[in-house]
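Structure first, then comments.
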Amino acid sequence: MSVGNQRGAVLLLVLVVVALLSALLTDWAFSTLVDLRLTETFRDSNRAYYLARGGVEVGRQLLRDDNNGYDTPSEMWGVGIPSYPVSDDATVSIRIVDADGRFNLNKVVDNLGENPNPLMRDRLRRLLTQLEIDDPDALGDALIDWIDRNQTTSPRGAENSWYQGLASPLASKDGPLDTVDELLLVKGFTPEIVEKLTPHVTVAGVSRLNLNSAGKDLLLVWDSDVTSGNVDQLLERRQEKPFKSLGEVQEVLGIETYSALNRNVDIAVTSQFYQIRSVAQVNDGVRTVEVLLEKAGNRQLWRRVY
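Here it is as structure tokens:
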């Protein structure tokens, strides 16, 4: 090979090496940038988690400070914090929901978990009908079978034999719901149905209903003898000022309607169970902490982090 050709080959090799190194450096720089970005996101997500936990503690304190003998969303705990700037790069929002103002899905089965609770089953059926959700009897039977501890299938329900036949087989839970979203596993409950139901239901608490916080749809179905006019009376009165005692409820409705509404001694103007949802954001890191509390003793029943 001539000297000229050798020099040309060396120059070509140098150019190839330079091009390869440039590509590697570019790739390394991009990878480093991505790693740095992931590290920053992880750090911000971690900070957001602790900030969300702090928001839950603020909510717990608001409930501890509420001791006036009645509970209503117009109180400080019910107002919540939509989005509070903690710093230039961080915000937190806090929402507290009164679970006793909602229908407890787990109460469609008796306290032993063995048999249907006819009263709450009928209320669920009326609620589904009120919300214009089709086939309320089948949905009620399916929920009862999901929760009860036996494998006896209700007329339109489903037990293990049905769930094992699914494309992704699972077992009937035979225990109480842990979250409202768990309804998505139950026969017949579509995402659309669960979305409609969610504002009206809970999985915690007792069967009683707080008249200061229950929505119109739930008030309408609590007793079959209570009319839309009766419910409007309640709503108009509590908009002016909350009920501080059941005696005030009786004054508004009259003794006959009040007795029908409270025939099962399961209405109240106070609440025992609350759900706190705290969402924190630090730059691109977002974390949510949800807890369910029993107000007496400020006792935490469950917590979810996502």
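Numbering follows my numbering, with no gaps: position 56 of the sequence shown is 519. Ideal placement from N, C-alpha and C gives every residue a C-beta, glycine not left out.
State buried or exposed for Pro705, treating a residue as buried only when at least 16 other CB atoms are found within 10 Å of its CB.
buried
Kindly provide the ranges of any beta strand (DSSP E) runs that are 3 or more residues long and lie completely inside the region 545-628, ordered along the chain.
553-561
Do you know how far the Cα of Val664 is from the Cα of Glu658?
11 Å
Would you identify the three-state DSSP class for Ala759, choosing helix, strand or coil?
helix
For Ser741, does the three-state DSSP call read helix, strand or coil?
Note: Ser741 maps to strand in three-state DSSP.
I'd like to know if the region 723-730 and the region 753-764 are in contact, where contact means that at least 3 CB-CB pairs between them fall below 8 Å.
No contact exists between the region 723-730 and the region 753-764.
Could you check whether Thr502 and Gln744 sit closer than 7 Å to each other, using their CB atoms as the reference points?
no
Given a cut-off of 7 Å, decide if Gly620 and Asp604 are closer than it, judged by their beta-carbon atoms.
yes
Just tell me which of Ala667, Ala511, Leu674, Asp688 has its CA closest to the CA of Glu711.
Comparing Cα-Cα distances from Glu711 to each of Ala667, Ala511, Leu674, Asp688, the minimum goes to Leu674.
Alpha carbons only, please: which of Asp552, Ile559, Glu538, Asp551 is nearest the one belonging to Pro545?
Ile559
CB Ala667 to CB Ala562, shorter than 7 Å?
Cβ distance < 7 Å, so Ala667 and Ala562 count as in contact.
Whole-angstrom Cβ separation of Tyr737 and Leu526, contact assumed at under 8 Å?
6 Å
Run through DSSP, which three-state label would Trp765 get?
strand
Taking all protein chains shown into account, do 16 or more other C-beta atoms lie within 10 angstroms of the C-beta of Glu595, making it buried, or fewer, making it exposed?
exposed
If you follow the alpha helix (DSSP H) that Tyr721 is part of, which residue opens it and which one closes it?
718-724
How far does the alpha helix (DSSP H) with Trp540 in it reach, from first residue to last?
Counting along the chain, Trp540 sits inside the alpha helix (DSSP H) bounded by residues 539-542.
Closest to Leu697 by C-alpha separation, out of Ser556, Asp688, Leu682, would be which residue?
Here the closest residue by C-alpha is Leu682.
Determine the direct distance from the alpha carbon of Asp611 to that of Leu672, and round the result to whole angstroms.
23 Å
If I measure Cβ to Cβ from Gly638 and keep anything under 8 Å in the same chain, skipping five residues before and after, which residues do I get?
Gly576, Ile610, Arg612
Given this structure, state the Cα-to-Cα distance separating Glu753 from Val521, to the nearest angstrom.
Answer to the nearest angstrom: the Cα atoms are 13 Å apart.
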